[in-house]
Every structure is written in C-alpha cells, then in structure tokens.
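Taken in sequence, the protein lines are chains U and E.
Letter 54 of the first sequence, counting from 1, is numbered 57 in our numbering, and no numbers are missing.
Letter 286 of the second sequence, counting from 1, is numbered 287 in our numbering, and no numbers are missing.
We put the beta carbon where it would ideally sit given N, CA and C, even for glycine.
These numbers come from a predicted model, not from an experiment.
Let me begin by presenting the structure, written as structure tokens, before commenting on it.
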Amino acid sequence: MLFDRFDPLKGEKLEIMDKDGRVNEELRPDLSDERIKELYVRMSVMRLADRTALNLQREGRMGTYAPVYGQEASQASAAFLESGDWLVPSYRESGALLMRGVPLSGIYRYWMGDERGLIGIKDLRVLPVEVVVGSQPLHAVGVSWAMKLRGIKSIAAVYFGDGATSEGSFHEAMNFAGVFGTPTVFVCQNNQFAISVPRRVQTRSKSIAQKANAYGFKGIQIYGNDIMAVYAAMKEAMSDAREGRGPRLIEMLTYRFGPHTTADDPAKYRDASELEKNKPFDPLIRLRLYLSSLGMWSEEEEYEIMDAAKTEVEKAVAEAESAPKPSPSDIFHNTWKREHTYLKRQESELLALLQETDGGASHA
Amino acid sequence: MPKLNIVSAINLALDREMEKNERVVIIGEDVGREGGVFRVTDGLQGKYGPERVIDTPLSEGGIAGTALGLAVGGLIPVAEIQFEGFMYLALDQIANQMARYRSRSRGQYPINLVLRLPWGGGIRAPEHHSDSPEAVLANTPGITVVQPSNPYDAKGLMTAALRYGDPVIYCEPKRIYRAIKAEVPDEDYEVPIGKAAAVREGTDMTIVAWGAMVREALRAAEELAADGVSAEVIDLRTISPMDSDTIISSAKKTGRLLVTHEAPKTGGIGAEIAARVYEEAFTSLLAPVERVTGYDAVMPLFKLEDYYLPNAKKIIAGARKILNY
Ligand SMILES: Cc1ncc(C[n+]2csc(CCOP(=O)(O)OP(=O)(O)O)c2C)c(N)n1
Numbered sequence: 004m005l006f007d008r009f010d011p012l013k014g015e016k017l018e019i020m021d022k023d024g025r026v027n028e029e030l031r032p033d034l035s036d037e038r039i040k041e042l043y044v045r046m047s048v049m050r051l052a053d054r055t056a057l058n059l060q061r062e063g064r065m066g067t068y069a070p071v072y073g074q075e076a077s078q079a080s081a082a083f084l085e086s087g088d089w090l091v092p093s094y095r096e097s098g099a100l101l102m103r104g105v106p107l108s109g110i111y112r113y114w115m116g117d118e119r120g121l122i123g124i125k126d127l128r129v130l131p132v133e134v135v136v137g138s139q140p141l142h143a144v145g146v147s148w149a150m151k152l153r154g155i156k157s158i159a160a161v162y163f164g165d166g167a168t169s170e171g172s173f174h175e176a177m178n179f180a181g182v183f184g185t186p187t188v189f190v191c192q193n194n195q196f197a198i199s200v201p202r203r204v205q206t207r208s209k210s211i212a213q214k215a216n217a218y219g220f221k222g223i224q225i226y227g228n229d230i231m232a233v234y235a236a237m238k239e240a241m242s243d244a245r246e247g248r249g250p251r252l253i254e255m256l257t258y259r260f261g262p263h264t265t266a267d268d269p270a271k272y273r274d275a276s277e278l279e280k281n282k283p284f285d286p287l288i289r290l291r292l293y294l295s296s297l298g299m300w301s302e303e304e305e306y307e308i309m310d311a312a313k314t315e316v317e318k319a320v321a322e323a324e325s326a327p328k329p330s331p332s333d334i335f336h337n338t339w340k341r342e343h344t345y346l347k348r349q350e351s352e353l354l355a356l357l358q359e360t361d362g363g364a365s366h367a
Numbered sequence: 002m003p004k005l006n007i008v009s010a011i012n013l014a015l016d017r018e019m020e021k022n023e024r025v026v027i028i029g030e031d032v033g034r035e036g037g038v039f040r041v042t043d044g045l046q047g048k049y050g051p052e053r054v055i056d057t058p059l060s061e062g063g064i065a066g067t068a069l070g071l072a073v074g075g076l077i078p079v080a081e082i083q084f085e086g087f088m089y090l091a092l093d094q095i096a097n098q099m100a101r102y103r104s105r106s107r108g109q110y111p112i113n114l115v116l117r118l119p120w121g122g123g124i125r126a127p128e129h130h131s132d133s134p135e136a137v138l139a140n141t142p143g144i145t146v147v148q149p150s151n152p153y154d155a156k157g158l159m160t161a162a163l164r165y166g167d168p169v170i171y172c173e174p175k176r177i178y179r180a181i182k183a184e185v186p187d188e189d190y191e192v193p194i195g196k197a198a199a200v201r202e203g204t205d206m207t208i209v210a211w212g213a214m215v216r217e218a219l220r221a222a223e224e225l226a227a228d229g230v231s232a233e234v235i236d237l238r239t240i241s242p243m244d245s246d247t248i249i250s251s252a253k254k255t256g257r258l259l260v261t262h263e264a265p266k267t268g269g270i271g272a273e274i275a276a277r278v279y280e281e282a283f284t285s286l287l288a289p290v291e292r293v294t295g296y297d298a299v300m301p302l303f304k305l306e307d308y309y310l311p312n313a314k315k316i317i318a319g320a321r322k323i324l325n326y
C-alpha cells in the first residue's frame with residue numbers, strides 16, 4: 004500500500020513516471036496507455052485554455068485569473084473521482100473543474116465577473132469557487148461527513164495550496180476529519196509559493212504530508228507533475244476513504260510556472276533561473292516522451308491535438324463573451340430566500356434611477 | 002514638496018516612523034520582498050531588514066493575534082491583512098481580544114498597533130475583495146477605525162495611528178490608491194484621529210462620506226453647484242469613534258444631510274450618523290436624512306459592481322430628494 008510504503012517523515016516521495024517519461028514498472032498503476040493518451044490530450048486543452056484566460060485578462064476581457072500552468076497533472080486528479088463524489092475547489096482549480104466536466108465557457112464567464120457562469124456545477128457535485136484561502140477544507144469534511152452519516156459511499160476531494168495549510172481552518176478540518184473518520188481526500192498542491200511567500204515560510208515541517216500523522220490518519224508526498232503517481236495516490240486515497248479506512252492527505256509537489264494571478268509579477272520575488280530549473284519537470288513533456296516511445300505521439304499529431312484544442316477553446320471564449328449580461332436586478336435576487344421588503348424598495352429605487360439616467364451603467 | 006499617491010504616502014509615513022522608532026515592525030503576507038500586493042510596503046524590507054519587515058505564514062488570525070502579543074512585548078506592529086474580506090478570519094483576535102485588552106487588564110495592557118486593511122470595491126476583483134465591513138468594527142468598542150480619502154491624510158493618519166496607544170484599523174480605499182496625486186510634506190505631521198474635515202464648504206446641504214466615496218461626493222457637489230445648489234462635503238476620516246460635532250454643526254447650518262457609503266444600508270454607518278443628527282439637530286432639519294449606500298445584498302462580481310456601488314449620479318438623485326422634500 005503506497006501510503007504505508009512512502010513515509011513522509013522519512014522524506015520518501017512517490018514517483019512512477021520520471022521527467023524523461025521512464026516508468027518504474029514495479030509501481031505502474033492500472034492506467035491504460037489509451038487512458039494516458041486521453042489524459043494528455045485533456046491536459047493540453049487545459050494548458051491552452053489557461054493561457055487563453057491570461058491573454059483575455061491582459062486584453063481587458065476577463066478579470067483577475069489564477070493560472071494552473073505547470074500544475075496540469077495535479078489538476079487532472081479530478082478526473083479520477085467517481086460521479087457521486089464531491090469536488091471542493093479553491094480559486095486555482097480551473098483545470099480540475101474542466102476535468103470534472105464543468106464547461107470551459109462557464110469557467111470563463113465566472114472569471115469575467117458573472118456568477119452565473121458556474122450554474123450547473125451542482126449536477127457535477129462541484130462546490131462553488133472558494134476565494135478565502137483555507138476555508139473550503141471544512142466544507143469538504145462536512146459534505147463527506149454527511150455522506151458517511153447517510154450511508155452513501157461517496158467521498159469529497161478538497162483542493163488547496165501550500166499556503167492554505169497555515170490557516171486555522173485547515174487544521175480544524177484535518178482534526179474533524181480525523182476524529183469523525185470522514186471520507187475526505189485532502190489534495191494539497193504544493194506549488195512552492197503563496198503569492199511571493201515560499202513554502203519554507205509556511206511551515207517548519209519537512210513536508211505538508213506528515214501533518215496527517217498529527218491528526219491520526221495517513222499522508223503521502225508525491226511528485227504532482229507525474230500523472231501516474233497522481234492517479235495511484237488518488238485511487239488508494241479514495242478507496243481508503245470510501246471503505247471507511249479514514250481520510251487521507253496527498254501532498255502533490257509541483258511548481259507554479261506562471262504568475263500567482265494576472266495581478267502579480269513574479270520577477271519581483273523569484274529568479275528566472277529557478278523557473279528554468281523547473282521547466283524540464285513539466286507534466287506534459289514527460290507524457291510526450293512516454294507516448295512517443297510507444298509510437299502514440301508525434302509532432303504531426305501534436306498539431307492535430309492543438310488544432311482541436313484551439314477550436315474547443317475559441318468556442319468557449321465565444322460562448323462566454325456572447326452570454327447575455329446579467330441584469331442589475333440580479334443583485335437583489337440571490338442573497339435571501341424570502342422576500343425582503345426593504346431590499347425590494349432598494350431595487351425599485353435603482354431601477355427607477357436607471358430609467359431616468361443610466362445610474363452608473365455608463366461605466367458598468 | 003513631492004507629489005504622492007495614497008500608496009506612496011502610506012509608505013512614506015511608515016518609512017519615517019520606522020526611521021525614528023525602532024520598535025515599529027511590519028508583519029503580514031507578502032509584505033517583505035514583494036512589498037505587499039498593492040506595494041504599500043515596497044522597499045521597506047530592503048531598508049530595514051527582514052527582522053523588521055516580516056513575511057508571515059498565511060494566517061490572518063495568526064497575524065492579528067501575534068500582533069497583539071508583539072504589542073504587549075513592547076513593539077509597535079503594523080500588521081497587514083491583504084483584503085478586507087479576510088478580516089473575518091482575524092475577527093476573534095480583533096473583536097474579542099485587541100478591542101478588550103485595555104479594559105480586561107484595566108489599563109495595564111494597552112495595545113498600540115495598526116492593522117492595515119485595503120478596503121472597498123470598484124477594482125474588478127474576485128469575491129471577498131470588494132466589501133466595506135466598517136460597521137462591524139464600529140460596533141466593537143475598543144477598536145478605532147480610520148480611512149483616508151487623499152494622500153495628505155493618508156500619511157498624517159498613519160503617523161497618528163502609530164502613536165495612538167490603542168488598536169487602530171487603518172482602512173485603505175484601494176479604488177483610489179493611485180487615483181489621486183497630491184503634495185505630501187516629508188516633515189512630521191499628524192492628521193488627528195477622531196476629527197472629520199469639511200473638504201468643501203456649502204450652505205444648502207451636507208454630504209458625509211469617507212474613503213473612495215469622498216471623490217464621488219465631491220463630483221456630485223460640483224454638478225449640484227452647476228444647478229445652483231451649494232453642498233458641503235464632510236470627509237469623516239475617522240469612522241469610530243466618530244466626530245459628531247462636525248457633522249451636527251454642518252447639519253444645523255445646511256438643514257439637509259446625506260450620507261453615502263459602499264457598505265450595505267442596514268446597520269451601516271449611515272444609520273448611526275442619521276441617529277446622531279436626529280438626536281442633536283432635529284429641529285434644524287428641513288428634510289429626513291438621506292442614505293445613498295450599497296444594498297442589503299451580497300456584493301456582486303464585477304459585471305454588476307458598478308450598479309451596486311454608490312456614485313455621483315446616485316448621490317445627486319438622493320440630493321434632489323431632500324432638496325425637493
Ligand atoms: C484568507 C485569505 N487570505 C489571503 C488571501 C489572498 N491570497 C489569495 S491566494 C494567496 C496565496 C495562496 O497560496 P496557496 O495556498 O499556496 O495557493 P496557491 O495560490 O499557490 O495555489 C493569498 C495570500 C485570500 N484569498 N484569502
């Protein structure tokens with residue numbers, strides 16, 4: 004069992020496919036080469052979709068956006084959830100949402116400043132984008148606890164970063180999960196930074212994975228740019244959680260190739276040489292090397308993959324941008340279930356003003 | 002005299018006080034090498050070193066709670082919380098702890114610290130980056146809340162806050178961080194905490210605002226002047242404890258008062274101001290107090306945020322209501 008075999012306290016880390024695409028056969032998981040190819044294609048779409056979002060922001064067509072560039076294999080972990088499982092994301096989970104089947108156009112629309120972009124996530128058992136760092140692990144524990152109490156064999160996978168592990172609510176979530184044995188899989192994408200603050204400033208622990216020990220369950224540190232390791236660790240963690248063996252923590256070691264968000268300039272705090280040193284560990288490069296060694300990838304085919312990805316992404320952009328603008332009334336009809344007479348009066352006042360003048364709409 | 006924006010004015014205030022008083026230290030997320038996400042502490046770690054400008058783990062409760070301890074231990078911490086929405090994670094330390102420490106210890110442990118919080122909407126940001134929860138703080142005895150509307154006040158209020166002797170929450174109107182440049186003296190000066198200022202004199206009505214809304218109030222006053230209405234604009238500057246006298250004497254003079262703020266209407270500071278005016282200037286009023294505020298609904302994402310926020314047009318509409326009452 005991987006969680007027993009790779010002890011974070013001893014500095015052991017799970018790697019199955021190395022950066023050159025070579026596979027440790029002894030650890031090879033039951034992931035077919037066809038499935039790997041499929042994952043490669045989806046991760047390529049993810050990367051293009053992500054870069055497109057950055058460009059849209061620069062052109063003023065999108066708001067602040069948190070890129071997943073470099074974290075594609077870790078994000079692809081969401082593809083391994085079962086349909087009844089819950090996905091509990093942070094703000095940096097566009098890739099995971101995409102893998103779960105959330106339409107890209109909706110993801111774009113949300114980051115274009117329209118909450119309605121994420122209507123439909125409930126059917127996919129995806130919780131709303133959480134912007135408050137570290138708050139969502141508690142929600143995931145609660146959701147999976149409900150599954151346990153109701154006798155439903157579904158788990159919740161919660162995504163967060165290394166910085167989030169400094170928040171009190173992360174520790175409260177880990178503790179509740181341990182105490183109640185909830186079927187929760189904690190997925191920490193350790194991309195080495197919380198904005199400018201490096202991982203070593205967040206904790207003196209050698210690993211984040213070992214924190215699970217303190218809460219009475221198992222954690223593992225894996226190379227998060229290795230899709231095979233991601234799959235193997237997720238599979239075991241989900242099965243342990245599902246079968247009542249308790250929560251699990253997976254620390255996925257990865258690296259944020261891009262800025263923290265579109266509002267950030269990493270040159271201020273990170274040497275370009277550090278980025279260059281990490282580039283060979285790109286999660287896509289190793290998949291190309293692996294697949295091409297099997298004759299399942301070529302330069303020509305890459306053009307086809309990228310062409311198809313481009314079509315898909317462009318369609319999503321067009322859909323997001325042609326979606327009707329929300330009406331000002333939308334402000335007033337989503338906060339409360341029951342009619343709120345005073346708010347209704349506030350709405351009428353705004354609408355009356357908009358009829359007279361444009362009430363601020365000129366710069367909306 | 003150098004012309005500075007609000008960001009560099011706060012930076013200058015911190016810099017000058019750190020030069021003078023080695024007990025002043027800065028803590029927070031990304032405040033060091035990065036200089037803060039809005040660059041307010043830019044260059045200070047380079048100048049004063051990582052022992053005085055300290056990047057902390059990502060924990061608002063941790064930042065606020067240890068700031069209290071640092072103050073007890075004899076330092077003067079300036080703690081940054083990155084956005085007002087994350088203040089709630091520190092609220093136990095703010096409301097249950099730093100607000101009460103003086104009282105609980107009967108004066109033995111005053112907490113001299115400044116908590117800096119970028120505040121308010123209008124910057125097309127994600128959720129939790131656009132709110133204005135000042136009323137939460139004003140309803141917490143023991144917490145002093147200030148918010149500058151211009152670079153001169155930004156420096157003077159920060160200097161005063163650092164020497165104040167009680168916990169001061171220093172709200173920074175992020176929408177106008179870089180919007181206004183003005184002359185800011187390098188010399189030591191304080192803008193007194195607890196004093197509002199009339200930033201435009203008028204006789205027909207009074208508009209009370211603070212932070213980014215002062216600019217909207219001044220725009221509205223300008224347009225009203227074109228129609229022959231003389232509006233006085235009061236910049237509250239300190240939200241709590243509030244300078245009632247300045248507001249009440251202005252209300253007595255003009256007979257009409259409008260308050261504008263970005264925060265929701267119910268339980269907002271506007272309600273407090275209205276109550277005080279009714280208590281002390283009731284017979285001078287020619288119309289009810291008008292509130293032009295955010296709505297009692299969650300602040301929407303930016304496609305709708307300009308509808309949510311008050312602006313000069315809404316202020317003018319409110320002004321017409323009380324002028325024609
Ligand atoms: C409670 C809270 N504090 C501060 C922020 C501002 N902020 C947004 S992301 C971030 C860094 C998060 O780092 P990490 O958890 O490692 O995740 P990453 O962004 O690297 O994926 C900060 C400080 C926030 N959103 N929420």
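- Query: Cα-Cα, which of E/Asn12, E/Gly44, E/Asn22, E/Lys21 is closest to U/Tyr272?
  - Reply: E/Gly44
- Check the C-beta distance from E/Pro119 over to E/Glu173 and give it rounded, since I have them as a contact under 8 Å. 5 Å
- Where do the N-terminal and C-terminal ends of the beta strand (DSSP E) with U/Ser108 fall, by residue? U/Ser108 -> not in any beta strand (DSSP E); alpha helix (DSSP H) instead, spanning 107-114.
- Pairing CB atoms from the region 268-284 of chain U with CB atoms from the region 88-97 of chain U, are three or more of them under 8 Å? no
- Task: Buried or exposed for E/Ile317, please, with buried defined as at least 16 other CB atoms from any protein chain shown within 10 angstroms of its CB.
- Result: buried
- Item | Terminal residues of the beta strand (DSSP E) in which U/Lys40 lies | No beta strand (DSSP E) contains U/Lys40, which is instead part of the alpha helix (DSSP H) from 36-61.
- Message: Helix, strand or coil for E/Arg220? Go by DSSP, reduced to three states.
- Response: helix
- If the cut is a Cβ gap below 9 Å, which residues of chain E does U/Ile124 touch? Per Cβ cutoff of 9 Å: no residues; U/Ile124 is ~15 Å from chain E at best.
- Just the Cα atoms here: how many angstroms apart are U/Asn281 and U/Tyr258? 7 Å
- What residues of chain U sit near E/Thr284, judged by a beta carbon separation below 9 Å? Here the premise fails: no neighbours, minimum Cβ distance about 28 Å.
- Item | Whole-angstrom distance between U/Tyr111 and E/Gly143, CA atom to CA atom | 44 Å
- What is the rounded straight-line gap between the Cα of U/Ala367 and the Cα of E/Phe87? Here U/Ala367 scores only 42 on pLDDT, less than 50, and its place in the model is too uncertain to base an answer on.
- Item | E/Glu135 (DSSP reduced to helix, strand or coil) | helix
- Taking 8 Å as the CB-CB limit, is U/Pro331 close to chain E? yes
- Query: Is U/Arg95 near ligand 1, with its Cβ less than 7 Å from a heavy atom?
  - Reply: yes
- Below 6 Å CB to CB, which residues in the same chain sit around U/Pro286 once its five sequence neighbours on both sides are set aside? Glu75, Ala76, Asn228
- Query: Using the C-alpha atoms, what's the distance from E/Gly319 back to E/Arg292?
  - Reply: 8 Å
- Query: Looking at the C-beta of U/Lys40, does it have a partner C-beta in chain E at a distance below 8 Å?
  - Reply: no
- Message: Using 8 Å for Cβ pairs, my map puts E/Val215 next to E/Ser150. What's the rounded Cβ distance?
- Response: 4 Å
- By the criterion of Cβ-Cβ separation under 9 Å, what are the contact partners of U/Tyr162 in chain E? Simply none; closest approach about 16 Å.
- Query: Since E/Thr247 and E/Glu217 are thought to touch, with beta carbons under 8 Å apart, how far apart are those beta carbons, to the nearest angstrom?
  - Reply: E/Thr247 to E/Glu217, Cβ: 20 Å. No contact.
- Counting only the same chain and skipping the five closest in sequence on each side, list residues whose C-beta sits under 7 Å from that of E/Gly75. Arg24
- Pick out whichever of E/Val169, E/Asp236, E/Tyr165, E/Ala180 has its Cα sitting closest to the Cα of E/Val200. E/Asp236
- Any non-hydrogen atom of ligand 1 closer than 7 Å to E/Leu90 Cβ: yes
- Which listed residue (E/Ile77, E/Ile82, E/Lys48) has its alpha carbon closest to that of E/Ser60: E/Ile82
- If U/Met177 sits next to U/Tyr218, beta carbons under 8 Å apart, how far is it from one beta carbon to the other, in whole angstroms? 4 Å
- Item | Neighbour list for U/His343 in chain E, Cβ cutoff strictly below 7 Å | Asp297
- Message: Less than 6 Å between C-beta atoms, sequence neighbours within five positions excluded: which residues of the same chain meet that for E/Tyr333?
- Response: Any question about residue 333 of chain E goes unanswered here, given that chain E covers just 2 to 326.
- Specify the secondary structure class of U/Pro201 as computed by DSSP and reduced to three states. strand
- Item | Sequence-distant residues of the same chain with beta carbon closer than 6 Å to U/Ala326, five excluded per side | Arg112
- Task: Determine the extent of the beta strand (DSSP E) in which U/Lys221 is found, giving its start and end residues.
- Result: 221-226
- Query: My guess is that E/Gly121 and E/Arg176 are in contact by the Cβ rule of under 8 Å, so how many angstroms apart are they, rounded?
  - Reply: 6 Å
- Name, in chain order, the residues that DSSP records as bridge partners for E/Arg117. E/Glu81, E/Tyr171
- Message: Taking 8 Å as the threshold (beta carbon to beta carbon), is E/Ser150 in contact with chain U?
- Response: no
- Message: What residue range does the alpha helix (DSSP H) around U/Ala275 cover?
- Response: 275-281
- Task: Give every residue of the same chain whose Cβ lies closer than 6 Å to the Cβ of E/Glu191, excluding the five residues on either side of it in the sequence, and list them in chain order.
- Result: Gly157, Thr160, Ala161
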